[in-house]
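Participant: Residue 107 in UniProt numbering is what sits at position 107 of the sequence shown, and the numbering runs on without skipping anything.
Where a beta carbon is used, it is the ideal one built from N, C-alpha and C, also for glycine.
The model shown is predicted, which means the values in this text are computed figures rather than measured ones.
Here you go, one structure.
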Amino acid sequence: MNDHLELWLNYGHTVINNSLLENYMAIGLNETELVFVIQLQSYLDQNIYFPNMGEIANRMDRKESEIFAILHSLIQKNYISITTEKDDFDKVVDRYSLIPLYKKLGMLLTKKSEQTKSSESDINLLEIFQQEFGRLLTPIEMQTIGEWLDTDDYSKELILEALREAVLNQKYSLKYIDRILLSWDKKNIRSSNQAKEESKRFANQQYTQGRDSEEEPEEEMIPLFNWLEEE
């Protein structure tokens, strides 16, 4: 084996997850702090849990005081912790840990995943509206649906139930659907099941009124629920 290659292999490897390299700025690290974290991780991987900061300073071509300042800052910001444990010889030793940093990274990745799912859900909601309306939505209509979700805090299921009511009444209008949602909101209806029960209640009421007026002259059939006139 080539001597240079053997020497290179003998140095070993430090494994850094790509998620840290991609998201270090998002969790509040700068480039210098990232390099310090990688240096510290290289010691931890060799079971050196409390490395000499002077050595890391030499590696990074920094003053030792600068390295201690970086370390202190990362501890203060809860990226690094110091624990006191007993080693294999029952001796009390201090150890640096990067677990707090990786917890922050894990929380960020979870949040990103949830945001991606939410974004995909919003896209699916827009597609459903376009299918029911038989046309593309305008930018203003897309904004309105986004406000229902983000500002008014209506659930996707409740919005779809309002869409279903509008389609049953052949009212392909976001203004009509908005009135439905406002009507439900006034009655503290926040779930699709509650909305369905309210629709059934109103339909039964309409049916009863219709039977009571059978002797009266025939009139135009009343739609399932005229939400625009409902107070």
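If you compare alpha carbons, which of Lys196, Leu137 and Ala203 is closest to Leu174?
Facilitator: Of the candidates Lys196, Leu137 and Ala203, the one whose C-alpha sits nearest the C-alpha of Leu174 is Leu137.
Participant: Got a sec, what are the start and stop residues for the beta strand (DSSP E) Asp61 sits in?
Facilitator: Careful: Asp61 lies outside any beta strand (DSSP E) and carries neither H nor E.
Participant: Tell me the DSSP secondary structure of His13 in three-state form.
Facilitator: Three-state DSSP puts His13 in coil, outside helix and strand.
Participant: Assuming Tyr176 is part of the beta strand (DSSP E), what are its boundary residues?
Facilitator: That residue, Tyr176, is in no beta strand (DSSP E); its alpha helix (DSSP H) goes Leu174 to Lys186.
Participant: For Glu231, count neighbouring C-beta atoms within 10 Å of its own C-beta (all shown protein chains included) and say buried if the count is 16 or more, exposed if not.
Facilitator: Per-residue confidence for Glu231 stands at a pLDDT of 48, beneath the threshold of 50, marking its modelled position as unreliable; the derived number appears in the next sentence. Classification of Glu231: exposed, given that the 10 Å Cβ count is below 16.
Participant: When the Cβ atoms of the region 127-135 are set against those of the region 81-90, are three or more pairs found closer than 8 Å?
Facilitator: No, the region 127-135 is not in contact with the region 81-90.
Participant: Do Ser97 and Thr110 have their C-beta atoms closer together than 8 Å?
Facilitator: In this structure, Thr110 does not lie closer than 8 Å to Ser97 by Cβ.
Participant: Would you please state the rounded distance, in angstroms, between the beta carbons of Leu105 and Asn23? I believe it to be under 8 Å.
Facilitator: Sure, about 6 Å apart at Cβ, within 8 Å.
Participant: Using the three-state DSSP reduction, which class does Thr151 fall into: helix, strand or coil?
Facilitator: Of the three classes helix, strand and coil, the one that applies to Thr151 here is coil, per DSSP.
Participant: Let me check understanding here. Comparing Cα to Cα, which of Phe68, Asp61 and Asp45 lies closest to Asn52?
Facilitator: Among Phe68, Asp61 and Asp45, the Cα nearest to that of Asn52 belongs to Phe68.
Participant: Is the beta carbon of Phe50 closer than 8 Å to that of Val15?
Facilitator: Contact: no.
Participant: If you check the beta carbons only, do Leu29 and Val37 fall under 8 Å apart?
Facilitator: Closer than 8 Å, so yes.
Participant: Using the DSSP secondary-structure output, state which residues sit across from Ser81 in a beta bridge.
Facilitator: Beta-bridge pairing links Ser81 to Ser97.
Participant: Considering only C-alpha positions, which residue in the set Ser19, Ser192, Glu161 and Glu55 is nearest to Ile128?
Facilitator: Selected option, being the one with the closest Cα: Glu161.
Participant: Lys86 by DSSP, collapsed to three states: which one?
Facilitator: If DSSP states are grouped into helix, strand and coil, Lys86 belongs with the strands.
Participant: Could you pull out every residue in the same chain whose Cβ sits closer than 7 Å to the Cβ of Arg201, ignoring the five residues on either side in sequence?
Facilitator: Within the same chain, Arg201 has no close Cβ partners at all.
Participant: Please report whether the beta-carbon of Val15 lies at a distance below 8 Å from any beta-carbon of chain D.
Facilitator: No chain D appears in this structure, which consists of one protein chain only.
Participant: Please report how far the alpha carbon of Thr151 lies from the alpha carbon of Thr144, in whole angstroms.
Facilitator: Distance between the alpha carbons of Thr151 and Thr144 is about 10 Å.
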